[in-house]
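Just below is one structure, and these are the notes that go with it.
Number of protein chains: 2
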Amino acid sequence: MSPKAQQTRQRILDAAEQLFAREGFSGVTVRQIMKKAEADVALAYYHFDSKRDLFDAVLLRRAEKLNALRDKALDEVESRHQDDAPSVEEIISAFTTPLLKLLAEDHEKWRHYFALIAQVNSSTEWGGELMTRYFDPLVKRFIAALRRALPDCSDEELYWSYHFLSGALTLSFAETGRIDNLSGGVCQSSDMASVSERMPKFIAAGFEALCAPKS
Amino acid sequence: MSPKAQQTRQRILDAAEQLFAREGFSGVTVRQIMKKAEADVALAYYHFDSKRDLFDAVLLRRAEKLNALRDKALDEVESRHQDDAPSVEEIISAFTTPLLKLLAEDHEKWRHYFALIAQVNSSTEWGGELMTRYFDPLVKRFIAALRRALPDCSDEELYWSYHFLSGALTLSFAETGRIDNLSGGVCQSSDMASVSERMPKFIAAGFEALCAPKS
DNA sequence: AGATTAATTCTACGTTCGTTGAATTACAAG
DNA sequence: CTTGTAATTCAACGAACGTAGAATTAATCT
Numbered sequence: 005m006s007p008k009a010q011q012t013r014q015r016i017l018d019a020a021e022q023l024f025a026r027e028g029f030s031g032v033t034v035r036q037i038m039k040k041a042e043a044d045v046a047l048a049y050y051h052f053d054s055k056r057d058l059f060d061a062v063l064l065r066r067a068e069k070l071n072a073l074r075d076k077a078l079d080e081v082e083s084r085h086q087d088d089a090p091s092v093e094e095i096i097s098a099f100t101t102p103l104l105k106l107l108a109e110d111h112e113k114w115r116h117y118f119a120l121i122a123q124v125n126s127s128t129e130w131g132g133e134l135m136t137r138y139f140d141p142l143v144k145r146f147i148a149a150l151r152r153a154l155p156d157c158s159d160e161e162l163y164w165s166y167h168f169l170s171g172a173l174t175l176s177f178a179e180t181g182r183i184d185n186l187s188g189g190v191c192q193s194s195d196m197a198s199v200s201e202r203m204p205k206f207i208a209a210g211f212e213a214l215c216a217p218k219s
Numbered sequence: 005m006s007p008k009a010q011q012t013r014q015r016i017l018d019a020a021e022q023l024f025a026r027e028g029f030s031g032v033t034v035r036q037i038m039k040k041a042e043a044d045v046a047l048a049y050y051h052f053d054s055k056r057d058l059f060d061a062v063l064l065r066r067a068e069k070l071n072a073l074r075d076k077a078l079d080e081v082e083s084r085h086q087d088d089a090p091s092v093e094e095i096i097s098a099f100t101t102p103l104l105k106l107l108a109e110d111h112e113k114w115r116h117y118f119a120l121i122a123q124v125n126s127s128t129e130w131g132g133e134l135m136t137r138y139f140d141p142l143v144k145r146f147i148a149a150l151r152r153a154l155p156d157c158s159d160e161e162l163y164w165s166y167h168f169l170s171g172a173l174t175l176s177f178a179e180t181g182r183i184d185n186l187s188g189g190v191c192q193s194s195d196m197a198s199v200s201e202r203m204p205k206f207i208a209a210g211f212e213a214l215c216a217p218k219s
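From first to last, the protein sequence lines are chains S and X. The opening position of the first sequence corresponds to residue 5 in my numbering, with each subsequent residue numbered one higher. The opening position of the second sequence corresponds to residue 5 in my numbering, with each subsequent residue numbered one higher.
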């Protein structure tokens, strides 16, 4: 594929990502996407098999980089604690800070992606298979790490705790602006530094309360 | 409006609720809705102004009952603690247990509604105004109660904490089935007793960790 | 430079969309 | 039983949908 064509392909993916994040799969038209990408409608079907295939490609494109970063972050935590156990908060941070780092690198690129992920994650529909396929292996590695950090914790508590984490995380990084309105400006969705500073502490406390209530 | 017509109206709302929850606003066709409601297509436009108006009606229908129940639950907590302060966990429970109660009363009716709410809540789009309009007054009352329970807590911590709660709550009650796959059956989305038992403890610990870290 | 292939545009297909107005049936009041 | 209104059905509108094939331009290779 020529570099010019690659560039076009990326433009299509960018446009699709942004629009899908805002309006969902069915809320966006292929024509809208291609208009935003400044390319002909039919080009969508030259570069992708179908609208659905384009959607999958949008989700897949950034998943690998994100997973790699999270894997690396967890590697570092584990190599830092070869004899003693890492704290729950450290593990949660390894799960969340990569998101922050990517947003810092290129906010425009990644915020639409995270908004899209949030939407897919809270969908009852086929989003489920996608989330499972792309993220479950990594999630299981994190849960395994948490299991070692909380040896007295049952799997049930562990999975529920992760589920709560997942909800808090995806909603926060979706930057829906909901908290901006609610707080009257005291908090801002886009202030990821605030999120990243508070969420690990908040979630870690939850984990510990559920998993090790003997205090 | 005749009772027969009321019945039809409710059938339309039921069908719309179920389908919107699964596929989103744009993922569902008016014809699909009316087919499931076993009524003529044009009846949708006799009972509602437009597809969008129908969607709003679906959201609105149950919001009032839910809000009333939550209000009552918080009333009870506050009347129970007229001199001393209620615990954070009690307040969170007053926020979550009404959902559980409604699901217990009529699981089929409410689970689709909660799935729909989850979807709207994590949407960047016009879902925001709706959530704000229907739920913000009540949410503010809960935050005020939490502020009294955590007098040393800044508003910033309070709002962020609520935001994390909101994410965990909506994802859990959406019953997406994500945790079922992830845990290999150890946890089940539909097991609301498990959620309701664990979430208040989990979230309360988070609040306290963020808001009163002097321990 | 000419030939081959890749990338892009043009045009249009059949379908389905949200919505509407006129015709019909069910129902309530006099 | 008649009459008026509420509820429902029928048929159809223009527009926009996802997609595909043929034609055209741009790039690559010998």
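C-beta: ideal position from N, C-alpha, C; glycine also.
{"Asked": "Given X/R115, which residues of its chain have a CB within under 7 Å of its CB, disregarding the five upstream and five downstream residues?", "Found": "L107, E179"}
{"Asked": "Using CA atoms only, rank isn't needed, just tell me which of X/D184, X/T12, X/T174 is closest to X/F99.", "Found": "X/T174"}
{"Asked": "Spell out whether any CB of chain X is found under 9 Å from the CB atom of S/R26.", "Found": "yes"}
{"Asked": "In the DSSP assignment, find the unbroken alpha helix (DSSP H) run with S/W164 in it and report its ends.", "Found": "159 to 178"}
{"Asked": "Determine, for X/K55, whether the minimum Cβ-Cβ distance to residues of chain S falls below 9 Å.", "Found": "no"}
{"Asked": "Taking the C-alpha atoms as reference points, what is the distance between X/L169 and S/G210?", "Found": "11 Å"}
{"Asked": "Which residues, in order along the segment 177 to 197 of chain X, keep a beta-carbon less than 7 Å from a beta-carbon of chain S?", "Found": "A178, T180, G181, R182, I183, N185, L186, S187, V190, C191"}
{"Asked": "Starting from the beta carbon of S/R145, find every residue of chain X whose beta carbon is closer than 7 Å, and list them in chain order.", "Found": "Simply none; closest approach about 12 Å."}
{"Asked": "Which same chain residues, not among the five before or five after S/Q192, have their C-beta less than 6 Å away from its C-beta?", "Found": "D184"}
{"Asked": "Would you decide whether X/S194 is buried or exposed? Buried here means 16 or more other CB atoms lie within 10 Å of its CB.", "Found": "exposed"}
{"Asked": "Taking the straight line between their C-alpha atoms, what separation do you get for X/Y117 and X/Y166?", "Found": "21 Å"}
{"Asked": "Between the C-alpha atoms of X/F146 and S/R74, what's the straight-line distance to the nearest angstrom?", "Found": "35 Å"}
{"Asked": "Is the shortest distance between the beta-carbon of S/Y163 and the beta-carbons of chain X less than 9 Å?", "Found": "yes"}
{"Asked": "Considering only their Cβ atoms, is the gap separating X/I37 from X/A20 smaller than 9 Å?", "Found": "yes"}
{"Asked": "Would you say the segment 141 to 160 of chain X touches the segment 82 to 101 of chain X, given that touching needs at least three Cβ pairs under 8 Å?", "Found": "yes"}
{"Asked": "According to DSSP, is S/C215 part of a helix, a strand, or is it coil?", "Found": "helix"}
{"Asked": "Starting from X/W114, trace the alpha helix (DSSP H) both ways and give me its first and last residue.", "Found": "111 to 125"}
{"Asked": "Would the segment 21 to 34 of chain X count as touching the segment 117 to 133 of chain X if we require 3 or more Cβ pairs under 8 Å?", "Found": "yes"}
{"Asked": "Check whether the segment 131 to 142 of chain S and the segment 197 to 214 of chain S touch, using three or more Cβ-Cβ pairs below 8 Å as the test.", "Found": "no"}
{"Asked": "So S/S126 and X/S126 are in contact, right, with Cβ under 8 Å, and what is the actual spacing, rounded?", "Found": "5 Å"}
{"Asked": "Which residues in the same chain have their Cβ closer than 7 Å to the Cβ of X/A77, if we skip the five residues on either side of it in sequence?", "Found": "A98, T101, P102"}
{"Asked": "Output, in chain order, the set of chain S residues within a Cβ distance shorter than 9 Å of X/S6.", "Found": "None at all; the shortest Cβ gap to chain S is about 34 Å."}
{"Asked": "Counting only Cβ pairs nearer than 9 Å, list the residues of chain S close to X/S30.", "Found": "E27, G28, F29, S30, G31, V32"}
{"Asked": "Which residues bound the alpha helix (DSSP H) around X/A41?", "Found": "Here X/A41 belongs to no alpha helix (DSSP H), and DSSP marks it neither H nor E."}
{"Asked": "Please classify S/Y163 as buried or exposed, where buried requires at least 16 neighbouring CB atoms within 10 angstroms.", "Found": "buried"}
{"Asked": "Within the same chain, show all residues whose beta-carbon is closer than 6 Å to that of S/F177, passing over the 5 residues directly before and after it, in chain order.", "Found": "L103, F118"}
{"Asked": "Should X/Q123 be flagged as near chain S, meaning a C-beta pair shorter than 9 Å?", "Found": "yes"}
{"Asked": "Assign X/R56 to buried or exposed, taking buried as 16 or more other Cβ atoms, counted over all protein chains shown, within 10 Å of its Cβ.", "Found": "exposed"}
{"Asked": "Where does S/T33 sit, in a helix, a strand or coil, going by DSSP?", "Found": "coil"}
{"Asked": "For X/F99, which residues in chain S fall below 9 Å Cβ to Cβ?", "Found": "Result: empty, since nearest Cβ-Cβ is about 14 Å, beyond 9 Å."}
{"Asked": "Are the CB atoms of X/R66 and X/K105 within a distance shorter than 9 Å?", "Found": "no"}
{"Asked": "Check whether the Cβ of X/R35 lies closer than 9 Å to any Cβ atom in chain S.", "Found": "no"}
{"Asked": "Please classify X/G189: is it buried, with 16 or more other beta-carbons within 10 angstroms of its beta-carbon, or exposed?", "Found": "exposed"}
{"Asked": "What residues from chain X crowd round S/E160, counting only those whose CB sits closer than 7 Å?", "Found": "V190, C191"}
{"Asked": "Is S/I251 close to chain X, meaning its C-beta is less than 9 Å from at least one C-beta of that chain?", "Found": "Nothing about residue 251 of chain S can be read from this structure; chain S reaches only from 5 to 219."}
{"Asked": "Kindly list, in the order they appear in chain S, the residues whose Cβ is closer than 9 Å to that of X/L104.", "Found": "None at all; the shortest Cβ gap to chain S is about 15 Å."}
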